[in-house]
Amino acid sequence: MNGVITAHDLHQFILNPKFRLQYVTKIGRAQNKVFNEYWKWKMKDLTLSTWLISTLPDGVLPRILGRKHAFQVWEKGRQILSSLLNS
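Take the position in the sequence shown, starting the count at 1, then add 200; the result is the number in the numbering used here.
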């Protein structure tokens with residue numbers, strides 16, 4: 201799994217998440233003009249979140265759903281799977 205994440209240059213979304221600005225200026229916010237870099241970031245984060253969720257066992261899914269970002273899915277999934285393996 202880590203190899204695929206790294207190969208697609210998505211590791212920064214789970215290891216060192218940095219949120220992008222949705223709007224560049226106050227005027228942009230008022231006019232709802234979303235910064236292009238934000239859209240790129242959002243699509244990658246959403247893609248990784250979806251992919252991570254699709255790799256989890258069915259019993260884990262209810263405890264993961266509702267997480268908004270890839271790093272949240274990764275961390276909660278890691279915690280749950282770790283506790284299952286250690287019990």
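Backbone N, C-alpha and C fix where the C-beta goes; we use that ideal spot for every residue, glycine too.
Based on Cα-Cα distance, which residue from the options lies nearest to residue i?
| i | options | result |
| --- | --- | --- |
| His211 | Lys268, Leu284 and Leu252 | Leu252 |
| Phe242 | Gly203, Ile205, Pro217 and Thr206 | One detail in the question is off: residue 242 reads as Lys in this sequence, not Phe. Nearest option by C-alpha distance: Pro217. |
Beta carbon of residue i, beta carbon of residue j: below 9 angstroms?
| i | j | result |
| --- | --- | --- |
| Leu248 | Ile214 | yes |
| Asp245 | His269 | yes |
| Ile280 | Arg263 | yes |
Could you pull the start and end residues of the alpha helix (DSSP H) that residue i belongs to?
| i | result |
| --- | --- |
| Arg231 | For clarity, residue 231 is Gln in the given sequence; the question names Arg instead. Here Gln231 belongs to no alpha helix (DSSP H), and DSSP marks it neither H nor E. |
| Lys276 | Ala270 to Asn286 |
| Pro262 | Leu261 to Ile264 |
| Phe213 | Gln212 to Leu215 |
Are at least three pairs of beta-carbons, each pair with one atom in the region 233-246 and one in the region 259-266, less than 8 angstroms apart?
no
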